[in-house]
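Here my numbering is used: position 32 in the sequence shown is 113, and no number is missing along the way.
Don't be surprised by glycine CBs; every beta carbon is placed ideally from N, CA and C.
Because the structure is a prediction, the values reported are computed rather than measured.
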Amino acid sequence: SKSKGKYRSTVYNSDIEMKIKRKAELILNLKKALINEEFYVVYQPIYDLNLNKIVDVEALARWRNTEFGEISPVEFIPLLEESGLINEFGIYMIKKVFGQVNKWNSDGIKLRTNINISPKQLSNIDFVDSILKLGKQYNIDFKKIVFEITETNATNIDELQNHMLDKITDLGIEFALDDYGDAYSQITNVFKIPVKEIKICKELIDKIEEDYRVRLMIKKFIETFLELGIDVIAEGVENLSQLNLLRDLGCTKVQGYYISKPVKYNLISNYLELKN
Ligand code: C2E
Ligand code: CA
Ligand code: CA
């Protein structure tokens, strides 16, 4: 009937239906995106507050699709995880990043490079062999590679994942705990994963100027972690006043738009000359 049709189209146009439709279409495009190399990498510099220079970069994935335009990793990483393509994607990212690190090395640029890893990738037994193979291919010094793991998903590290963490650590690759202090944070993860660095989430850094309680918490985090031999990186630093507060609290490194937005790999060299 007429009224039923009207009802249907109302539902169809609802936000939720549009979101579901977009999600389904994006998932259908993921495999093709991998084959067509629609994913690329940008790098965000990380500034050392003791050395007063940029020492690391974080590799961040981007997806540009002709139909959908730029799609945020906040949207597509969960879809890759859901659709079982995260392992293939993870290796693709590492290959891309290693290739670019190799070019930096031949230009005499010495940086440590952080790569985001989904905990699901630690359940893939072939992961270590792939890293080794790509490391050889691109002549990578694994001591200059850091894997960032997000707490959200790292809460239930099983036996296999633990074994993989050890094997990767044996290669010389270090781990950093990402997004520390967000809603999913569990202090126990610091002990479950052999982390050398902890990244304090932007949500806390956002409040560091106005809320003395947040300031006190961050101060205690930093004290504790430094005493444990773990460096602390503040994420999402957007102004000088935040940077100065973090410096006063003894924070090791800062990352955020105040230092630089993520940029294409060929721009990193100019940036180093400017900032160093
Ligand atoms: P993340 O690892 O916490 O990365 C930091 C995010 O904050 C990045 O967003 C970065 O562009 C943004 N950011 C950095 N500084 C500032 C700042 O000062 N202000 C604001 N407003 N934002 C800042 P991006 O690139 O959209 O990445 C979002 C998330 O997607 C990442 O969060 C990470 O969890 C995930 N991701 C990105 N690339 C990869 C990847 O290759 N593999 C995996 N598994 N996850 C990835
Ligand atoms: Ca990260
Ligand atoms: Ca983070």
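Query, Result
"Starting from the Cα of K358, find the closest Cα among V318, L330, D329, F157 and give me that residue.", "No information on residue 358 is available, as it lies outside the stretch 82 to 357 that the chain covers here."
"Would you say L130 and T333 are within 8 Å of each other, going by their C-beta atoms?", "yes"
"Taking the alpha helix (DSSP H) that V78 belongs to, which residues open and close that run?", "There is no way to answer for residue 78, as the model of the chain reaches only from 82 to 357."
"Identify the residues that DSSP records as bridge partners of K334: which are they?", "D129, I314"
"Let me confirm a value: N110 is counted as buried when at least 16 other C-beta atoms fall within 10 Å, else exposed. Which label applies?", "buried"
"Take the Cβ of M245 as the centre, count every other Cβ of all protein chains shown within 10 Å, and call the residue buried at 16 or more, exposed below.", "buried"
"What residue range does the beta strand (DSSP E) around E229 cover?", "226-231"
"Do K277 and E316 count as a contact pair if the criterion is CB distance below 8 Å?", "no"
"Nearest to L324 by alpha carbon, out of I116, I127, D247, K100?", "I127"
"With respect to 7 Å, is the separation between the Cβ of Q336 and the closest non-hydrogen atom of ligand 1 below this value?", "yes"
"Please state whether the Cβ-Cβ distance between K112 and E162 is less than 8 Å.", "no"
"Give the residues whose C-beta lies closer than 6 Å to at least one heavy atom of ligand 2, in chain order.", "E139, N197, E229, D259"
"Between the Cα of Q242 and those of I221, S199, G189, spot the shortest distance and give me the residue it belongs to.", "S199"
"What is the DSSP secondary structure of N347, counted as helix, strand or coil?", "helix"
"Report, in whole angstroms, the separation of the C-beta atoms of L252 and F223, which I expect to be a contact under 8 Å.", "5 Å"
"In whole angstroms, give me the CA-to-CA distance for N351 and I135.", "12 Å"
"Name the two residues that bound the continuous alpha helix (DSSP H) containing K248.", "240-252"
"Mind checking whether F228 and I206 have CB atoms under 8 Å apart?", "no"
"Among L309, C282, E304, which has the Cα closest to the Cα of F272?", "L309"
"Answer with buried or exposed for V138, where buried requires no fewer than 16 other C-beta atoms within 10 angstroms of its C-beta.", "buried"
"Between Q336 and E156, what straight-line distance do the alpha-carbon atoms span, to the nearest angstrom?", "22 Å"
"DSSP state of L162, grouped into three classes?", "It is Glu, not Leu, that sits at residue 162 in the sequence shown. Note: E162 maps to helix in three-state DSSP."
"Put Y121 into one of helix, strand or coil per three-state DSSP.", "strand"
"Taking 8 Å as the cut-off, decide whether the C-beta atoms of I289 and L326 are in contact.", "yes"
"Can you tell me whether G262 is helix, strand or coil according to DSSP?", "coil"
"Who does F256 pair with in a DSSP beta bridge?", "F228, V276"
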